[in-house]
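Quick note, the sequence shown lines up with residues -26 to -1, 1 to 309 if you use mature numbering (1 follows the signal peptide of the UniProt record, and there is no 0). Notes to accompany the following structure.
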Amino acid sequence: MMLSIPMIRRSVLALAAGAFCLGAQAAEKVTLQLKWVPQAQFAGYYVAAAKGYYKAEGLDVTIKAGGPDISPVQVIAGKSADVVVNWMPDALAAREAGVPLVNIAQVFDKSGLMLTCKKSAGVHSPKDLKGKTLGVWYGGNEYPFLNWMNKLGYKPGTDIKILKQGFNVDPLLQNQAACISTMIYNEYWQVIDAGIKETDLTTFFYEKEGVASLEDGLYVLEGNLKDKAFVAKMAKFLKASFKGWNEAVKNPEEAAKIVVAQDASGSATVAVQKRQMENIAKLISNANTPKIGYLDPAAYERTVKVLLSGGSSPVIKKDPGTAAMTHAVWDAAQK
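Laid out in structure tokens, this is it:
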């Protein structure tokens, strides 16, 4: 049977449409759960999405914002995410409690956590913390602080008073606490923006105090790593994410604009997010090198050691060994 021109055209269009549908279906879905609300702390992922790096790897990535009432551990345990951003203390504690998280990449190789204190409250050195009220974040963020207090020999409730701090700097501004928890890329600058001079503050970086633990890493459920297709998909995710992070570090203002566009609340500003990104960059020593995202085994072991050294209440009771980390996905992302 001879086909008419219109029929041939319709056939060609149908084939093209079919091919398009197959192409669209070929994109592999990945859901990433962040630890907090949209901000430069997660710029690399937002940049990778905005610039099409995930799409170029054949991925359809959904980035879910976090918040004060969202636990990345609970989200991934409930199978509502493939991969989460979390701090290692919380991840290892969750693993010991029965949620088998495994670190597949460590973008931040330095800690940004610090205790920020008013000199007017009489705090100039760690010995001055005794007898003071100290603001501490909970929900998995308290572990480094508790380890530090144990190292100093201070018992909460006896030598120091803990104020369970919200994710703001009000306790310091309102003199409800002598010190509060801050991140060098976020809350510390909120204190400065509120009108307190840097010269009026005493800061203790957990990194310098020898109690820092690894922060923003990427974690998946151990069982999924037995699936070769999942490992391959996550390798593509890492490859695109690292590209996004490299770009964010090189172009903080562009990254800030991309982040601000994701803020549904409308409270984020480019100036603040750019400053945050510039401070975030200091925590990613391996940005724009072949080692970006590589979990240094020595840094992992140091973190485990810190978490085990909590005296009568350590964060974890047993060394998870290498079961809680893998380089398999990172290695695959290099190919």
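All C-beta atoms in this analysis are idealised placements derived from N, C-alpha and C, irrespective of residue type, glycine included.
Can you tell me where the alpha helix (DSSP H) with GLN247 in it begins and where it stops? 244 to 254
Identified DSSP bridge partners for PRO118: In the DSSP output, where bridge partners are listed per residue, PRO118 has none listed.
Taking GLY105 as the reference, which of MET123, GLU116, SER54, GLY113 has the closest Cα? MET123
Measure the CB-CB distance between TRP61 and SER187 and report whether it falls below 8 Å. yes
Start and end of the beta strand (DSSP E) containing LYS38? 33 to 38
With distances taken Cα to Cα, identify the nearest neighbour of GLN80 among GLN308, THR300, LYS125. THR300
Ends of the beta strand (DSSP E) at GLN7? 2 to 7
With SER85 and GLU189 assumed to form a contact (beta carbons below 8 Å), what rounded beta-carbon distance in angstroms separates them? 6 Å
So who's on the other strand from PRO130, going by DSSP bridges? ILE134
Go ahead and pull the three-state DSSP assignment for TYR112. coil
Coarse secondary structure for CYS(-6), derived from DSSP in three states: Note that CYS(-6) has pLDDT 48, beneath the 50 cutoff, so the model's placement of it is unreliable and the number below is only indicative. DSSP places CYS(-6) in helix when its eight states are reduced to three.
Which residues share a DSSP beta bridge with GLY191? ASN60
Between the C-alpha atoms of TYR128 and THR156, what's the straight-line distance to the nearest angstrom? 20 Å
Please report the straight-line C-alpha distance between GLU221 and ALA229, rounded to a whole angstrom. 8 Å
Kindly identify the DSSP beta-bridge partner or partners of residue 310. For residue 310 there is no data in the structure shown, the boundaries of the chain being -26 and 309.
Kindly indicate the opening and closing residues of the alpha helix (DSSP H) around ASN277. The question names Asn, but residue 277 is Thr in the sequence shown. Looking at the DSSP string, the run of the alpha helix (DSSP H) that includes THR277 is 271 to 282.
When we look at the beta-carbon of GLU2 and count the other beta-carbons within 10 Å, is it buried (16 or more) or exposed? buried
Who does LYS92 pair with in a DSSP beta bridge? LEU175
C-alpha gap between LEU147 and ALA245, whole angstroms: 22 Å
Reduced DSSP secondary structure (H/G/I, E/B, other) of THR296: helix
Reduced DSSP category for SER287 - H, G, I as helix; E, B as strand; rest coil: coil
LYS53 classed as buried or exposed, judged by whether at least 16 other C-beta atoms fall within 10 angstroms: exposed
I'd like to check one pair, ALA214 with ALA30: are the Cβ atoms closer than 8 Å? yes
Cutoff 6 Å; reference PHE216; Cβ partners in own chain excluding five residues on either side: ILE266, GLY267
Quick one: what's got a C-beta closer than 8 Å to TYR162's C-beta in the same chain, skipping five residues either side? MET88, THR90, THR156, THR177
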